[in-house]
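As structure tokens, the structure follows; a few thoughts come after it.
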Amino acid sequence: MSFLFGSRSSKTFKPKKNIPEGTHQYDLMKHAAATLGSGNLRLAVMLPEGEDLNEWVAVNTVDFFNQINMLYGTITEFCTEESCSIMSAGPKYEYHWADGHTVKKPIKCSAPKYIDYLMTWVQDQLDDETLFPSKIGVPFPKNFLSIAKTILKRLFRVYAHIYHQHFSEVVQLGEEAHLNTSFKHFIFFVQVELEEVNPHLRGGRVENHLGKTSLSSPDRDSNLDLPVLRSRAQHDKREFNLIDRRELAPLQELIDKLTAKDCR
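With the first letter of the sequence shown counted as 1, position 248 gets the number 248 in the UniProt record's numbering; the numbers rise by one all the way through.
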């Protein structure tokens with residue numbers, strides 16, 4: 001179940017990922033759903049007092065997978081090999097797929113193929129008990145936050161593709177409010193510091209891991225992703241960052257617009 005959508009939609013791109021009832025993560029999921037019901041997204045994404053950060057990130061990562069799964073499921077008929085022969089977010093951003101295991105060298109592919117690769121890969125990560133343990137007493141891996149960061153970074157690309165290439169279809173289907181709410185929730189969760197926008201994000205240029213600038217973002221980051229989760233003690237000890245702001249450049253203008261009234 002998705003915190004935002006509940007059982008509203010039965011159409012998904014991939015099977016929904018359910019958190020087992022009776023687990024602490026299920027209790028956290030119910031807490032998150034109840035907090036979201038208040039309408040305060042800033043409050044809803046904050047780590048509850050006394051809770052484990054890894055479990056909180058795990059529960060929300062599962063939910064965002066389900067949300068994006070449902071959102072993309074509504075527009076799959078419009079996202080085809082012919083209409084979206086390249087996985088892109090507008091004319092300035094192109095994504096190439098690699099997972100570091102079965103596909104080690106980034107490959108150029110269509111949007112539906114890229115998103116299929118991506119969602120299957122995420123699903124495999126979420127189903128792996130050594131990465132996303134659901135049983136009490138089973139520890140999370142030491143690099144869990146880095147794993148979650150990579151998943152969330154790649155899920156963002158589906159939002160970016162939908163907004164840039166399929167927003168007219170989303171409006172036609174009457175789903176724009178759900179898309180905007182889901183994306184705003186996502187952005188608040190990954191805790192972008194909106195007031196600190198770097199100049200190099202302007203004009204569609206993004207600095208890659210090697211210090212060079214390019215207009216495309218191939219998935220060659222499997223071994224280069226470093227944990228960037230950090231405390232923002234100067235603001236609130238329970239806030240954290242999960243996506244580098246450079247990754248969000250394709251939707252920076254939208255992010256500013258959606259969150260303007262919530263900026264501190």
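For each residue, glycine too, the CB sits at the ideal point set by N, CA and C.
Because the structure is a prediction, the values reported are computed rather than measured.
Exercise. Per DSSP, what kind of secondary structure is H161 in: helix, strand or coil?
Worked result: If you number the sequence shown from 1, residue 161 lands on position 161. Helix.
For this session: Specify the secondary structure class of H101 as computed by DSSP and reduced to three states.
Result: To locate residue 101, count along the sequence shown from 1; it is residue 101. The three-state reading of DSSP puts H101 in coil, since its state is none of H, G, I, E or B.
Exercise. With 16 other CB atoms within 10 Å as the buried threshold, where does N143 fall?
Worked result: For the purposes of this step, residue 143 is taken as the residue at position 143 of the sequence shown. Exposed: under 16 other Cβ atoms inside 10 Å.
Exercise. What is the DSSP secondary structure of residue 283, counted as helix, strand or coil?
Worked result: Absent from the model: residue 283. The displayed extent of the chain is 1 to 264, so no value can be given.
Exercise. Between I243 and Y159, which are expected to be in contact by the criterion C-beta below 8 angstroms, what is the C-beta distance as a whole number of angstroms?
Worked result: Mapped onto the sequence shown, residue 243 falls at position 243. Mapped onto the sequence shown, residue 159 falls at position 159. Rounded, the Cβ-Cβ distance is 11 angstroms, inconsistent with contact.
For this session: Give the secondary structure of I255 by DSSP, where H, G and I count as helix, E and B as strand, and everything else as coil.
Result: Taking the first residue of the sequence shown as position 1, residue 255 is located at position 255. Note: I255 maps to helix in three-state DSSP.
Exercise. Are the CB atoms of A98 and H161 nearer to each other than 8 angstroms?
Worked result: The residue you call residue 98 lines up with position 98 of the sequence shown. The residue you call residue 161 lines up with position 161 of the sequence shown. If you check the CB distance, A98 and H161 do not come in under 8 angstroms.
For this session: Please list, in chain order, all residues of the same chain as G137 whose beta carbon is under 6 angstroms from its beta carbon, the five residues on each side excluded.
Result: Counted from its first residue, the sequence shown places residue 137 at position 137. Within the same chain, and ignoring the five residues on either side of G137 in sequence, no residue has its Cβ closer than 6 angstroms to its Cβ.
Exercise. In the structure shown, what three-state DSSP assignment does E81 receive?
Worked result: Counting from one through the sequence shown, the residue named residue 81 turns up at place 81. DSSP places E81 in coil when its eight states are reduced to three.
Exercise. Taking all protein chains shown into account, do 16 or more other C-beta atoms lie within 10 angstroms of the C-beta of A111, making it buried, or fewer, making it exposed?
Worked result: The residue you call residue 111 lines up with position 111 of the sequence shown. Buried, by the Cβ-count rule.
Exercise. Taking C-alpha atoms, which residue in L254, H96, F167 and F65 lies nearest to A148?
Worked result: Translated into positions along the sequence shown, residue 148 becomes position 148. For A148, the nearest C-alpha among the options comes from F65.
Problem set entry | Residues near L254 in its chain [Cβ-Cβ closer than 7 angstroms; skip 5 each side] | The count along the sequence shown starts at 1 and reaches residue 254 at position 254. These residues qualify, in order along the chain: Y163.
Exercise. Are the region 42-53 and the region 125-133 in contact at 8 angstroms, needing three or more beta carbon pairs?
Worked result: Too few Cβ pairs lie closer than 8 angstroms, so no.
Exercise. Is DSSP giving S134 helix, strand or coil here?
Worked result: Stepping through the sequence shown from its first residue, residue 134 is reached at position 134. It is coil, neither helix nor strand.
Problem set entry | Alpha-carbon spacing of I107 relative to S182, whole angstroms | As a first step, residue 107 must be located in the sequence shown, where it is residue number 107. As a first step, residue 182 must be located in the sequence shown, where it is residue number 182. Each residue's Cα considered, the two are about 29 angstroms apart.
For this session: List the endpoints of the continuous beta strand (DSSP E) containing Y114.
Result: Against the sequence shown, residue 114 aligns to sequence position 114. Unbroken run through Y114 is the alpha helix (DSSP H), A111 to D127; no beta strand (DSSP E).
Exercise. If you count every other CB in all the chains shown that lies within 10 Å of the CB of S231, and 16 or more means buried, which is it?
Worked result: The count along the sequence shown starts at 1 and reaches residue 231 at position 231. Unreliable placement is indicated for S231, whose pLDDT of 34 sits below 50; the coordinate value is still reported in the next sentence. Exposed, because fewer than 16 other Cβ atoms sit within 10 Å of the Cβ of S231.
Problem set entry | Beta-bridge partners of I107, as assigned by DSSP | Indexing the sequence shown from 1 puts residue 107 at position 107. Per DSSP, W97.
Problem set entry | C-alpha distance - C109 paired with R157, whole-angstrom precision | Taking the first residue of the sequence shown as position 1, residue 109 is located at position 109. Taking the first residue of the sequence shown as position 1, residue 157 is located at position 157. CA-CA distance, C109 to R157, rounds to 14 angstroms.
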